[in-house]
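One structure is given here, and the rest of the page talks about it.
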Amino acid sequence: MLDRHIRPFIDPPLNKLGRSAARMGLRADTVTLAGLALGLAAGLAIVLEAFFVAILFILASRLADGLDGAVARARGVTDFGGYLDITCDYVFYATIPLAFVVLDPQAHGVAGAFLLLSFYVNAGSFLGFAVLAEKKKMRSDAHGVKTLYFTGGLLEGTETIVFFLLLCLFPAYFVPLSLGFGVLCLVTALARVLLAAKVFRG
1 MLDRHIRPFI
11 DPPLNKLGRS
21 AARMGLRADT
31 VTLAGLALGL
41 AAGLAIVLEA
51 FFVAILFILA
61 SRLADGLDGA
71 VARARGVTDF
81 GGYLDITCDY
91 VFYATIPLAF
101 VVLDPQAHGV
111 AGAFLLLSFY
121 VNAGSFLGFA
131 VLAEKKKMRS
141 DAHGVKTLYF
151 TGGLLEGTET
161 IVFFLLLCLF
171 PAYFVPLSLG
181 FGVLCLVTAL
191 ARVLLAAKVF
201 RG
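Letter 130 of the sequence shown, counting from 1, is numbered 130 in full-length UniProt numbering, and no numbers are missing.
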């Protein structure tokens, strides 16, 4: 919901940084993998209860996630780059809830499993829509230049990052925060399914 509103503010500096990185020979895929490594490091920090360090790694990971697209636009967008980016994103999104479950399986297990389920359902609705949109040759740049068709929703990347930061700031509230966010993820997926029924039926 917030992604398209913040893009006009973050894209210009990211694109400038991306062009500089591309001139230095940096590849978008390298930045993508670096972002994933930072995200995995955030998960490890959570398991070790180093929540402030986890916040820094999460922010650095998402900076890399924005920068890889900027580098790709400067060097030339590739289908594999888009595939690698979305795959690494989903690994990152699963890592943070999993880290909280590993931290305290007894207290966090059920809520963490529900949260991961909601992520899985939301991701499936998103990717399924993207496949059909490609088949219909649909295009949208509301979320920036992407290799996949991005449908908006109640919860998008920005909201998810804010949620992860809240988990790190208030780890004692993991269960209610996760249950609430998981429900909103399912609402987002349902809205996308209803949109697909309207757009693709017949």
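Heads up, the beta-carbon is just placed ideally off N, CA and C, and yes, glycines get one too.
Distance, Cα to Cα, residue i vs residue j?
i: G88; j: L63; result: One detail in the question is off: residue 88 reads as Cys in this sequence, not Gly. Looking at the two C-alpha atoms, the distance is approximately 14 Å.
i: V145; j: R27; result: Because the pLDDT at V145 is just 48, under 50, the model does not fix this residue reliably, and the value given afterwards should be weighed accordingly. Approximately 17 Å, taken between the alpha carbons.
i: L132; j: E49; result: 42 Å
i: Q106; j: L38; result: 27 Å
i: T78; j: S118; result: 30 Å
i: R201; j: L127; result: 17 Å
i: V31; j: P171; result: 29 Å
i: L165; j: V71; result: 26 Å
i: G16; j: G69; result: The sequence shown places Lys at residue 16, rather than the Gly named in the question. Each residue's Cα considered, the two are about 12 Å apart.
i: A123; j: F52; result: 28 Å
i: L195; j: I55; result: 34 Å
i: A34; j: M24; result: 16 Å
i: H143; j: V102; result: Low confidence applies to H143: its pLDDT is 44, below 50, so where it sits in the model is not reliable enough to give any reading.
Report buried or exposed for residue i, applying the criterion of at least 16 other Cβ atoms within 10 angstroms of its Cβ.
i: E134; result: exposed
i: R192; result: buried
i: L14; result: buried
When the Cα of residue i is compared with those of the options, which residue comes out closest?
i: R73; options: L59, S178, G128, A21; result: A21
i: V198; options: L167, C168, F129; result: The sequence given here places Lys at residue 198; Val does not occur at that position. For K198, the nearest C-alpha among the options comes from F129.
i: P97; options: V31, R192, L179, T188; result: L179
i: D11; options: G66, L59, T160; result: G66
i: L155; options: T188, N15, L194, F114; result: T188
i: D29; options: F100, A54, G82; result: G82
i: I46; options: Y120, F80, H108; result: H108
i: A60; options: F181, G43, K137; result: G43
Could you give the first and the last residue of the continuous alpha helix (DSSP H) run that contains residue i?
i: K136; result: Premise fails: K136 is in no alpha helix (DSSP H) and is neither H nor E.
i: V53; result: 51-75
i: E156; result: Run containing E156: none; DSSP gives neither H nor E here.
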